[in-house]
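The sequence shown begins at 127 in this note's numbering and counts up one residue at a time.
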Amino acid sequence: MIAATRTPEMIREDFPIFAHPTSRGKRLVYLDSAATSQKPQAVIDALVTYYSEYNANIHRGVYEIAARATDAFEAARVKVARFINADQREVIWTRNATEAINLVGYSWGLQNVSRADAILTTQIEHHSNLVPWQLLAEKTGATLRFIPVDGRGVLQLDNLDRLLDGVKLVAISHVSNTLGTISPLERIVPAARAAGATILVDGAQGIPHMPVDVRALDVDFYAFSGHKMLGPTGIGVLYGKHELLEAMPPFLAGGDMIRKVEYEHTTFNDLPWKFEAGTSNIADAIALGVAVDYLSALGMEWVRAHERESLAYALGRLAPLESRGLRIYGPKDPAIASGVLSFNLADVHAHDLASILDTEGVCIRAGHHCTMPLMEKMGWPATARASFYIYNTQADIDTLALGIEKAARIFNV
Ligand SMILES: Cc1ncc(COP(=O)(O)O)c(C=O)c1O
């Protein structure tokens, strides 16, 4: 166990939302951080301070508050770059992970992928790391291939070398949002490198939950969203290796991404601004920098350790309910899974289960979790999903278990 200076109970106090009981007077038990995390007061304050003290556009004004806004915006980029061990020119602001992945699809993909190529992804991807590659394959004539997943939700790498033959791009999630499976990047990345492929990792569920060092991972692109890691919605990041970004054409065109514009011709700005057309999401980028400060102060090793413990505790706490028809999906092994627990209770629909849990103040997600092909392959119409983060306590998991017991009583299972 990594020693933290703060407990989840203390961390909870930094999040103003937890000061408010639900409309039924229950303690808020938020177990849907895989969808979006809650925000600490410091992040909310950063937004308010920007808008109330130095709201101005960046990279343009010469007056004091414009310079302050530009400095804060670029300082946030430096914080993110340090957090992932990248150069600041390699950190592109986007709206979210989805936009970051699409940026690669349109800019790098259309330039580099052709009919003779294959794109390798997996059977567990979120739609955001699948549909862009379907579009790229349609546009270029390239073939899509999939690393299969077994019944436990673990990627099957037996035929990896064969799957990698002729592959131009490997696009893989760091962590599955439906099953919590952590992809074995330490095996996949070297094999992909040996095959000469470019590697994109969808880090939407990775970076909020564990230390990420893009150089150590040796990936070419790493995409993520701010709102799943304590930051606001509307801000995300594409990390890309400098030489790749340098060679890529702009994705969107307009203000800020230019160096010189003539009526017939334009030269583009340097990295990272070449990929940041138009007025950026200034306040949210600054606030994401504050979220990164918050996570760094906690320590990402501690965050990962806390989630391992939460998952282990939840698996133990829910195990007795298996005799009542509770089925838990995914690897069920905290060593290879993050804090995500997908389950169903007998033949109770996941939405009904989620509604009953809601009456106890417990927020979980129910449905296909934007992984429809995975659900279809597994034969699950829907699952309930509880996901844990830094502010979740064992008491939260106890309330989840009691809520599931209540549902079992109501549905007589
Ligand atoms: C694994 C994974 N990839 C991508 C995304 C897309 O994130 P966003 O909607 O913030 O772009 C999500 C969101 O749930 C996700 O879980």
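Note that the Cβ used here is the ideal one computed from N, Cα and C, for glycine as well.
Between the segment 279-298 and the segment 326-338 there are three or more inter-stretch CB-CB distances shorter than 8 Å, so the stretches are counted as touching. Around the Cβ of proline 507, a 10 Å sphere holds fewer than 16 other Cβ atoms; the residue is exposed. Distance check between isoleucine 523 and each of Met501, Ile536, Glu225, Ile490 places Ile490 closest, using alpha-carbon atoms only.
For the segment 362-415, the continuous beta strand (DSSP E) assignments of 3+ residues that do not extend past its boundaries occur at 362-366, 384-387, 392-394, in sequence order. Under the three-state reduction of DSSP output, tryptophan 219 falls in the strand class. With contact defined as three or more Cβ pairs closer than 8 Å, the segment 333-343 and the segment 280-288 are not in contact. Around the beta carbon of serine 149, fewer than 16 other beta carbons sit within 10 angstroms, so the residue counts as exposed. When distances are taken from the beta-carbon of aspartate 158 to the heavy atoms of ligand 1, even the shortest one reaches 7 Å or more.
Contact fails between the segment 312-325 and the segment 479-490, because fewer than three Cβ pairs, one in each stretch, are under 8 Å apart.
With a cut-off of 7 Å, the C-beta of asparagine 255 is classified as near ligand 1, since at least one heavy atom of the ligand falls inside that distance. Straight-line spacing of the CA atoms in arginine 278 and glycine 292 works out to 29 Å. Each residue's CA atom was taken as its position, placing tyrosine 232 and leucine 378 some 10 Å apart. The beta-bridge partner set that DSSP reports for serine 468 consists of Tyr455, Arg511. Put simply, of Thr247, His252, Ile227, Thr519 the residue whose alpha carbon is nearest the alpha carbon of leucine 283 is Thr247. In the three-state scheme derived from DSSP, where H, G and I count as helix and E and B as strand, lysine 152 is classed as coil. Around the CB of threonine 131, fewer than 16 other CB atoms lie within 10 Å, so the residue is classed as exposed. Glycine 442 and leucine 311 have their C-alpha atoms roughly 28 Å apart. C-alpha of histidine 252 to C-alpha of asparagine 470: approximately 20 Å in a straight line. The DSSP-derived three-state label of aspartate 339 is coil.
Approximately 4 Å separates the beta-carbon atoms of leucine 262 and glycine 235; this is inside 8 Å, confirming the contact. Contact between the segment 147-162 and the segment 514-523 is present: 3 or more CB-CB pairs across the two stretches fall below 8 Å.
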